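In the numbering used here, each number is its position in the sequence shown, counted from 1, plus 3.
Here the structure is laid out as structure tokens; the discussion comes afterwards.
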Amino acid sequence: NPAAPAGLCTDDFQEVRIFNRWGRLVYQSADLAFCWAAPGLAAGTYHYLIRTTRRAVRGLLTVER
């Protein structure tokens, strides 16, 4: 799971989306307790977007096999 940025827990979580390097959505969840293990996906860098009621946080995560 990507680590939530500091202070994010004071906002109301709405969703997380994870995209591959071409911008294709590979995972989406509205569950705050989401767990993404990248099933069936290649090793590499993915982009995430976490949306809350007040803001959106973007970042990168790396899948290693």
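We treat Cβ as the ideally placed atom computed from N, Cα and C, and that holds for glycine.
Computed from a prediction, not measured in an experiment: that's the story for all the values here.
Point to revise | Minimum C-alpha distance to I21 - residue among L44, R68 and R58 | key: L44
**Study point:** Helix, strand or coil at L35 [DSSP, three-state]
**Key:** coil
Point to revise | A59: first and last residue of the uninterrupted beta strand (DSSP E) it sits in | key: A59 to V66
Review point. In this structure, what does DSSP give as the bridge partners for R20?
Key: Answer is Q31 and L52.
Point to revise | Residue from F16, W39, A41 and L63 whose Cα sits closest to the Cα of A33 | key: Out of F16, W39, A41 and L63, F16 has the C-alpha closest to the C-alpha of A33.
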